[in-house]
Structures are given as C-alpha cells and as structure tokens.
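Notes follow once the structure below has been shown.
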Amino acid sequence: MSTYHNDNIFQSLKDVKFNQTISHQCGVTMNDSVEARAIAELMATKPGIKVTYLPAMIRIDGEGKIEFSMPEITEALGREMTPHMFEIFTSTHYGRMVMLDDDTVVLFGDMDAALAYE
Numbered sequence: 657m658s659t660y661h662n663d664n665i666f667q668s669l670k671d672v673k674f675n676q677t678i679s680h681q682c683g684v685t686m687n688d689s690v691e692a693r694a695i696a697e698l699m700a701t702k703p704g705i706k707v708t709y710l711p712a713m714i715r716i717d718g719e720g721k722i723e724f725s726m727p728e729i730t731e732a733l734g735r736e737m738t739p740h741m742f743e744i745f746t747s748t749h750y751g752r753m754v755m756l757d758d759d760t761v762v763l764f765g766d767m768d769a770a771l772a773y774e
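Put into structure tokens, the structure is as follows:
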C-alpha cells in the first residue's frame, strides 16, 4: 500500500504575498491517471518535491530542477516509459523542459542552468 503525500502548494488569495523576486520553481501538471499516479508516487520520494493531488489533476513541483528518470518510472509503472510518452502525460509544465537523453527529462527552474543544454 502506498502513502500519498498532499503538500498542497495552493494558498488562499488573502494569504498570497507578492515579492519582486525571481522564482526558480518548476513543475508539471498531469491529468489524474494510472501513469500520473505512478510518476507522482515515485517523485514524492525525492527530496524537495511537492506532490499535490487535485480532483482531476496531479501537480509535481520543485525548486531549481526536477529530474525524471525514465528507467525509474518504467519500474514504478510496470511498463515502458519514454521521454516522448512522458511529455504526452504532462498536461502542462513550467520551467524549461530538456530531454537530456532517452532516459532523462529535466525541468529547470533556473533558466541559466538550462542554457547549458541549448
């Protein structure tokens, strides 16, 4: 039996404070599915990752960068996951998404770090 983390990143508008700073956050939103739940459960075990379960979506958020390992996702899911399939399962993302190779997709919140892969 798996444990679901629900570190909700959303706040009430009355609690939001606006700062003139640069955020290095990044993340993905996925439609709730078998694949999305497997990815979310795996990523929830990673340090610095927040997973938020919504009624029909799952958000995975982090700071700086988030690395998605296709072999790890494949093992968690029980069938093959490729970077191209991963992009299909992500409804949207924020940050710079870079496919490093056939095994790794990285989301960068720090755009300077992402420039090394341009």
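Each residue of the sequence shown is one higher than the last, beginning at 657 in this note's numbering. Ideal placement from N, C-alpha and C gives every residue a C-beta, glycine not left out.
Collapsing the DSSP output to three states places R715 in a strand. E691 sits buried, since 16 or more C-beta atoms from the chains shown fall within 10 Å of its C-beta. With contacts defined as CB atoms closer than 7 angstroms, D768 and G720 fail to qualify as a contacting pair.
The shortest C-alpha to C-alpha distance from M713 to any of E774, R693 and I705 is the one to R693. Taking a contact to require three or more Cβ pairs closer than 8 angstroms, the region 703-710 and the region 728-739 do not qualify as touching.
Annotation for F764: C682, K721, G751, R752, V754 and A770 place their beta carbon closer than 7 angstroms to its own, counting only its chain and skipping 5 residues before and after. For the 7 angstroms CB-CB criterion, T685 and R715 form a contact.
Non-local C-beta neighbours of P727 in its own chain, meaning closer than 8 angstroms and more than five positions away in sequence, comprise D759, ordered along the chain.
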